[in-house]
Amino acid sequence: MDIWFEHMGVEHGKEVMEIFNYYVENSSATYPDTVLPYPFYGRFLEMARNYPAYVIRKKDSDAVIGFCLLHAYNPFPVFRHTAEITCFISKDEVGKGTGTRALSVLEQDAKKMGINILLASINSQNTASIRFHEKNGFKECGRFFGIGEKKGRSFDQVWMQKNI
9 MDIWFEHMGV
19 EHGKEVMEIF
29 NYYVENSSAT
39 YPDTVLPYPF
49 YGRFLEMARN
59 YPAYVIRKKD
69 SDAVIGFCLL
79 HAYNPFPVFR
89 HTAEITCFIS
99 KDEVGKGTGT
109 RALSVLEQDA
119 KKMGINILLA
129 SINSQNTASI
139 RFHEKNGFKE
149 CGRFFGIGEK
159 KGRSFDQVWM
169 QKNI
């Protein structure tokens with residue numbers, strides 16, 4: 009599949025929020041439990057300020073099929089070599105290699121920035137994401153047991169780490 013990565017900007021808010029809100033409503037992949045309004049997109053842009061952030065487009069249709077970004081794990085300079093990853097792929101595009109390509113792009117950008125540790129925070133009910141991260145070299149490095157509840161089900165927050 010031919011895809012390309014476009015720097016995420018204010019013009020992508022509607023498409024990004026539609027992808028994100030699909031997962032809010034239909035899965036355990038996100039922490040919000042209710043759909044977020046479109047202005048929340050500004051929070052994604054704020055989080056990713058000074059970090060790489062992309063929308064992912066299909067070359068044949070130009071449709072936005074996902075988004076990915078890095079953001080600070082912690083704002084203090086002592087953590088400047090560590091970033092947290094966020095990536096969501098449209099439900100119809102999952103399993104086609106888009107997530108792996110997105111991770112590769114973010115890893116290349118991270119290395120250029122002097123970042124050598126990537127972290128992912130994952131809802132323990134999202135076993136597909138845990139498997140994806142394991143397949144791509146992440147290891148579980150921490151777990152907060154039973155700290156969240158979504159749709160009446162308790163979950164752990166799983167932290168995964170990859171040294172790049």
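According to our numbering, the residues represented by the sequence shown are 9 to 172, in order. Backbone N, C-alpha and C fix where the C-beta goes; we use that ideal spot for every residue, glycine too. None of the values given here were measured: they were computed from a predicted structure.
As assigned by DSSP and simplified to three states, the class of residue i
i	result
M25	helix
H20	helix
K99	helix
N58	coil
N34	helix
V86	helix
G74	strand
T42	coil
Sub-9 Å separation of residue i and residue j beta-carbons
i	j	result
G21	Y49	yes
A128	Q169	yes
G154	F163	yes
L77	F52	yes
A91	L126	yes
I27	F84	no
I11	T108	no
V102	A136	yes
N124	N82	no
Residue i: CB within 8 Å of a non-hydrogen atom of the ligand PLP
i	result
A61	The ligand PLP is absent from the structure shown, which contains no ligands of any kind.
C-alpha distance - residue i paired with residue j, whole-angstrom precision
i	j	result
Q165	E33	19 Å
R151	Q133	13 Å
M16	G160	34 Å
Y175	G122	Absent from the structure is residue 175, since the part of the chain shown begins at 9 and ends at 172.
W167	E148	6 Å
I138	D68	30 Å
K158	N131	10 Å
F87	N58	15 Å
K104	S98	11 Å
**Message:** Restricting to runs no shorter than 4 residues, where is the alpha helix (DSSP H) found entirely within the stretch 111–164?
**Reply:** 135–143
**Request:** Kindly confirm or deny that the stretch 97–117 and the stretch 41–54 touch, where touching means at least three C-beta pairs closer than 8 Å.
**Result:** no
**Prompt:** Does the pairing of the stretch 64–80 with the stretch 32–40 give three or more beta-carbon distances under 8 Å?
**Reply:** no
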